[in-house]
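K.L.:
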Amino acid sequence: MKVSKLGLFTAMLLSGSMAIAQGTADDYRRAYSLREKYSANNVYYANVTPQWIENTHGFWYVRNTPEGRIYVAVNADKKDRTELFDHQKLAIALSQASKKEIKPGTLSLERLSVNKSLDTLRFVFNNQQWMYVVQSNQLTNEGTLPIPPTPRHWMEVDDEKTAAPISSPDGKYMAFIKNDNIYVKEIATGKEKQLSLDGTLGNYYSAYLRWSPDSKKVASCKIRPVEKRYVYYVESSPVDQLQPKLHKQEYAKPGDELPFKVPCIYEVETGRSVIPATDLFAQQYDVSAPEWNNDSRAVTFEYNQRGHQVYRVLELSAENGSVRPLVEETSDKYVNYTRRFRHDLPDGKHMIWMSERDNWNHLYMYDRSTAKPIQQITRGEWYVREVLRVDEANRQIYFSANGVQPNEDPYLIRYYRIGFNGKGLTCLTPEEGMHKAWFSQDMNYLVDVYSMVDKAPVAVLRSAKDGKIVMPLETADISKLVAEGWKAPEVFVAKGRDGKTDMWGLIVRPSNFDPTKKYPVIEYIYQGPGDQYVPKTFIPYNWYMTSLAELGFIVVMVDGMSTSFRSREFENVCYKNLKDAGLPDHMAWIKAATQKYPYMDIDRVGIYGCSAGGQESTSAVLLHPEFYKAAYSACGCHDNRMDKIWWNELWLGYPVGDAYKEGSNVENAHLLSRPLMLVVGEMDDNVDPASTMQVVNALIKANKDFELVVIPGAHHTMGENFGEHKRYDFFVRHLLNATPPKWEDVNLK
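FYI, the numbering for the sequence shown is 1 to 749, going by the numbering used here.
(1) Cβ atoms of VAL299 and PRO325: under 9 Å apart, would you say?
(2) Nearest by alpha-carbon distance to LEU314: which of THR106, ASP344 and GLY143 is it?
(3) Taking the CB atoms as reference points, tell me whether TYR28 and TYR599 lie closer together than 9 Å.
(4) Can you name, in chain order, every residue of its own chain whose Cβ lies under 6 Å from the Cβ of ARG497, other than the five neighbours on each side?
(5) Which residue comes first and which comes last in the beta strand (DSSP E) that contains ASN75?
(6) Among PHE565, LYS222, GLU257 and THR537, whose alpha-carbon lies nearest the alpha-carbon of ILE265?
(7) With a floor of 4 residues, list each alpha helix (DSSP H) that falls wholly inside the segment 570-633, ordered by position along the chain.
(8) In angstroms, rounded to a whole number, what distance separates the CA positions of ALA781 and GLU550?
(9) Rounding to the nearest angstrom, what Cα-Cα distance links MET503 and GLY380 in this structure?
(10) Count the CB pairs spanning the segment 240-252 and the segment 205-217 that are closer than 8 Å, and state whether there are at least three.
(11) Going by the beta-carbon positions, is the gap between LEU258 and ARG312 smaller than 9 Å?
(12) Taking DSSP as the reference, what is the three-state secondary structure of ASN181?
(13) Please classify GLY499 as buried or exposed, where buried requires at least 16 neighbouring CB atoms within 10 angstroms.
(14) Please report the distance separating the alpha-carbon of ASN361 from that of THR426.
(15) Which stretch, first to last residue, makes up the alpha helix (DSSP H) that contains VAL482?
(16) State buried or exposed for SER15, treating a residue as buried only when at least 16 other CB atoms are found within 10 Å of its CB.
(17) Answer yes or no: do GLU473 and VAL48 have a C-beta to C-beta separation smaller than 9 Å?
(18) Rank MET351, ALA714, GLY202 and VAL384 by C-alpha distance to the C-alpha of ALA371 and give the top, closest one.
(19) Please specify which runs of the beta strand (DSSP E), each continuous and at least 3 residues long, are wholly inside the segment 210-273, giving them in chain order.
(20) Quick check on LEU622: buried or exposed, where buried means 16 or more other Cβ atoms within 10 Å of its Cβ?
(21) Taking the alpha-carbon positions, what's the LYS172 to GLU156 distance?
(22) Could you check if GLY613 is buried or exposed, using at least 16 other CB atoms within 10 Å of its CB as the buried criterion?
(23) Excluding sequence positions up to five away, which residues of its chain have a Cβ less than 6 Å from the Cβ of GLY219?
(24) Touch check for the segment 589-596 and the segment 552-571: three-plus C-beta pairs under 8 Å?
(25) If contact is defined by three or more beta carbon pairs under 8 Å, each pair taking one atom from either stretch, is the segment 399-413 in contact with the segment 571-579?
(26) My output table needs one value for SER451: the three-state DSSP class, helix, strand or coil.
(27) Going by DSSP, what residue range makes up the beta strand (DSSP E) through HIS87?
(28) Can you find a CB in chain B that lies within less than 9 Å of the CB of PHE722?
(29) Tell me which residues share the same chain as GLU490 and place their Cβ nearer than 6 Å to its Cβ, disregarding the 5 neighbours each side in the sequence.
(30) Assign LYS579 to buried or exposed, taking buried as 16 or more other Cβ atoms, counted over all protein chains shown, within 10 Å of its Cβ.
(31) Helix or strand or just coil, what does DSSP make of PRO346?
(32) So, do the segment 646-664 and the segment 705-715 have three or more beta carbon pairs nearer to each other than 8 Å?
(33) According to DSSP, simplified to helix, strand and coil, what is ARG762?
(34) Quick test of the definition: if touching needs 3 or more C-beta pairs under 8 Å, does the segment 276-284 touch the segment 331-338?
(35) Would you mind giving the Cβ-Cβ distance between HIS435 and TYR416, rounded to the nearest angstrom? I have them listed as a contact below 8 Å.
(36) Quick one: grab the DSSP three-state call for ARG379.
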């Protein structure tokens with residue numbers, strides 16, 4: 001039977017097998033244009049970041065107005081806001097000094113400090129330091145900004161070999177390290193005395209010395225170092241020379257040997273040493289520096305056991321050398337020591353300690369004499385996030401927490417105050433939203449900025465006594481953003497793998513969304529323990545989702561089980577199981593979304609991410625190819641044996657076992673059956689680039705087709721601008737089944 005071309009075309013349209021073109025050059029141009037259209041510069045009266053003036057009830061911040069930036073000062077007691085200085089006069093003075101025209105509304109100070117009387121400003125402008133006297137409009141150039149010292153790379157372990165001599169509290173002695181041993185010197189006579197005799201190059205004393213409050217004793221850790229592991233990088237295209245450069249970086253990996261530390265005490269007058277038995281801190285991941293008790297009779301230190309199933313606060317007696325636990329946390333999985341908080345009260349008898357022992361993160365009052373909690377201060381199915389202040393005089397604790405309020409997004413942070421006795425819990429930021437607060441030094445006031453992904457930021461000044469609003473500060477104006485076509489992402493909630501636990505995520509649609517069309521789905525993933533990753537605050541332009549959706553996709557993101565800040569049980573899914581990556585929850589959540597929104601095509605789901613997300617996106621297509629049809633993976637820690645020690649041993653345990661191998665994308669590379677693009681920065685100083693290249697090697701050996709993008713000179717990256725365009729093309733090709741436009745046809749201004 002013959003079918004006319006018109007009839008065939010109509011039938012294809014009706015069947016949905018032929019959609020109106022997506023992924024065109026126009027789509028690309030529109031996608032790239034959204035960076036500017038949805039810029040934060042098009043949101044006014046937002047980004048309030050207050051700077052409290054020391055020991056006052058005053059603060060200043062920058063107002064982002066349609067006319068430009070205005071620096072304002074607020075007096076909380078008077079409920080008064082004024083301009084911090086005459087912007088016109090300062091702009092004129094800076095224009096004359098720099099011989100370059102500066103308009104008042106464009107004035108942007110890189111760093112600004114204000115004295116209590118608000119009559120003098122010190123600031124940095126164009127890398128120059130200036131002083132401005134407000135009353136007289138006098139401007140003085142105080143010189144160029146000094147070059148800060150190069151910071152230690154975060155992967156480097158401090159050997160504790162170098163530190164300045166430290167004076168005793170009574171001012172009579174200086175303590176220091178010489179020839180790997182502890183020495184003291186009488187300041188009056190200059191006479192030196194060697195306290196320790198056994199320090200050697202291979203077993204030396206830490207230079208971070210601690211004097212007892214009574215000036216009679218010195219404490220330090222004796223350290224037995226280990227041979228360090230290094231990772232090497234070849235920088236192929238350095239900017240300052242033709243030939244490549246070889247870089248070397250310290251980088252401990254799972255299973256590596258670690259330094260061994262023993263806290264020691266020496267008496268200054270007698271030279272007597274107190275060297276403890278190490279039974280209670282024998283299997284070390286880390287031992288902290290000793291800190292003296294107020295009575296000078298003992299030091300405390302913290303012990304993190306290798307494998308992270310035991311964490312102890314220990315007390316070493318300076319009198320008899322005995323060691324006893326003050327706190328002991330244990331788990332059959334892991335103690336999440338990254339959440340630790342400890343505050344020793346000045347009475348020397350109590351401490352406040354944070355723990356997940358009841359499945360939620362809470363504060364406890366400990367009795368140091370019995371080494372047991374005498375009071376659970378906070379309690380409930382919610383999560384303490386951060387302790388901001390322990391007010392000893394008034395026996396109050398100020399902290400942030402999420403999940404306290406029922407029937408809302410459990411990740412939203414609010415601020416609270418509670419008594420040491422666990423009574424009087426007071427919410428200081430009651431409106432629904434993700435809050436960020438800045439308190440005055442005396443904790444009388446707080447500036448509260450709150451928003452949600454679909455609610456513009458609001459800034460208010462509150463009383464820290466009861467949270468009541470003292471005065472409004474700013475309400476963000478997003479009218480220009482909306483006029484440019486901006487629409488808020490949708491907060492979507494659906495059950496996870498167990499059919500009962502809510503998973504919270506986002507759905508981002510293109511600005512020209514048409515519900516009669518069919519859209520492929522792309523998941524942006526960064527999933528895993530240690531945090532929660534789906535945005536909760538107002539973001540005009542989401543770099544990972546907004547423009548990608550504009551090409552003709554619906555882009556989603558969700559926090560599944562094994563992420564943080566719900567409960568210990570929720571996070572512990574990750575233990576020896578990083579390959580899980582929450583993907584069963586993600587798939588259940590996406591299926592629920594596609595059931596509600598038929599225009600989301602469940603048969604065309606892609607995934608991408610960087611770092612842990614790079615590992616997880618590759619795992620998705622290797623282990624769940626029936627669901628995920630294409631993956632873009634940047635700088636992935638594809639084999640946890642290759643990655644940094646702290647992240648992987650915390651979640652996968654010690655010693656290195658089968659869980660490391662089972663989750664390896666190198667080991668599972670032979671399973672690849674879907675399109676995969678691997679991206680790596682040749683100078684990645686976070687995840688060893690060899691991790692990606694070993695996947696490449698395994699794929700080649702398994703005769704698998706894939707794409708590889710190496711970014712010269714790049715560090716830990718999603719792919720930079722080049723990789724972003726490659727990502728767009730990759731998903732247009734494999735999910736839209738379209739040919740991407742030529743690069744020269746896309747205007748990338």
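Beta carbons are placed, not taken as given, at the ideal position from N, Cα and C, and that holds for glycine.
P.N.:
For this structure:
(1) Reading the sequence shown from its first residue, position 325 is the one you call residue 325. Reading the sequence shown from its first residue, position 299 is the one you call residue 299. Result no, Cβ atoms of PRO325 and VAL299 do not sit closer than 9 Å.
(2) Reading the sequence shown from its first residue, position 314 is the one you call residue 314. For LEU314, the nearest C-alpha among the options comes from ASP344.
(3) To locate residue 28, count along the sequence shown from 1; it is residue 28. To locate residue 599, count along the sequence shown from 1; it is residue 599. No, Cβ-Cβ distance for TYR28 and TYR599 is not below 9 Å.
(4) Position 497 of the sequence shown, counted from the first residue, corresponds to residue 497. So the qualifying residues of the chain are PRO584, ASP585 and ALA588.
(5) Taking the first residue of the sequence shown as 1, we reach residue 75 at position 75. Run containing ASN75: 68-75, per the beta strand (DSSP E) assignment.
(6) Along the sequence shown, one-based indexing puts residue 265 at 265. Checking every option, the nearest Cα to that of ILE265 belongs to LYS222.
(7) 583-596 and 612-623
(8) The shown model of the chain, from 1 to 749, leaves out residue 781, and the question about it has no answer.
(9) Indexing the sequence shown from 1 puts residue 503 at position 503. Indexing the sequence shown from 1 puts residue 380 at position 380. Near 20 Å, if we compare the C-alpha coordinates of GLY380 and MET503.
(10) no
(11) As a working note, residue 258 is residue 258 in the sequence shown. As a working note, residue 312 is residue 312 in the sequence shown. No, they are not a contact pair.
(12) One-based indexing of the sequence shown puts residue 181 at position 181. In the structure shown, ASN181 sits in a strand (DSSP, three-state: E or B).
(13) By one-based count along the sequence shown, residue 499 stands at place 499. GLY499 is exposed by the Cβ-count criterion.
(14) Within the sequence shown, numbered from 1, the residue matching residue 361 stands at position 361. Within the sequence shown, numbered from 1, the residue matching residue 426 stands at position 426. The straight-line gap from Cα to Cα measures roughly 18 Å.
(15) Residue mapping note: residue 482 aligns to position 482 of the sequence shown, counting from 1. Element bounds for VAL482: 479-483.
(16) The residue labelled residue 15 in the question sits at position 15 within the sequence shown. Confidence in SER15 is poor, its pLDDT being 39 and thus under 50, which makes the residue's placement too unreliable to answer from.
(17) Position 473 of the sequence shown holds residue 473. Position 48 of the sequence shown holds residue 48. It should be pointed out that residue 473 corresponds to Leu in this sequence rather than to Glu. Yes, these two residues count as a Cβ contact at 9 Å.
(18) Counting from one through the sequence shown, the residue named residue 371 turns up at place 371. When each option's Cα is compared against that of ALA371, the closest is MET351.
(19) 217-224, 230-235, 245-250 and 260-267
(20) In the sequence shown, residue 622 corresponds to position 622, counting from 1. When all chains shown are included, LEU622 counts as buried.
(21) One-based indexing of the sequence shown puts residue 172 at position 172. One-based indexing of the sequence shown puts residue 156 at position 156. Approximately 35 Å between the Cα atoms of the pair.
(22) In the sequence shown, the residue the question calls residue 613 occupies position 613. Buried, since its Cβ has 16 or more Cβ neighbours within 10 Å.
(23) Residue mapping note: residue 219 aligns to position 219 of the sequence shown, counting from 1. The displayed chain sequence assigns Ala, not Gly, to residue 219. Around ALA219: ARG210, ILE265, PRO290 and VAL299.
(24) yes
(25) no
(26) Within the sequence shown, the letter at position 451 stands for residue 451. SER451 falls in the strand class under three-state DSSP.
(27) Indexing the sequence shown from 1 puts residue 87 at position 87. Unbroken run through HIS87 is the alpha helix (DSSP H), 87-98; no beta strand (DSSP E).
(28) The structure shown contains no chain B; it holds only a single protein chain.
(29) One-based indexing of the sequence shown puts residue 490 at position 490. The answer, listed in chain order, is ILE507.
(30) As a working note, residue 579 is residue 579 in the sequence shown. Its Cβ being crowded by 16 or more others within 10 Å, LYS579 is buried.
(31) Here residue 346 refers to the residue found at position 346 of the sequence shown. It is coil, neither helix nor strand.
(32) no
(33) Outside the displayed range of the chain (1 to 749) lies residue 762, so it cannot be described from this structure.
(34) no
(35) Counting from 1 along the sequence shown, the entry for residue 435 is found at position 435. Counting from 1 along the sequence shown, the entry for residue 416 is found at position 416. Not really, about 11 Å apart at Cβ, beyond 8 Å.
(36) In the sequence shown, residue 379 corresponds to position 379, counting from 1. Residue state, collapsed to three classes: coil.
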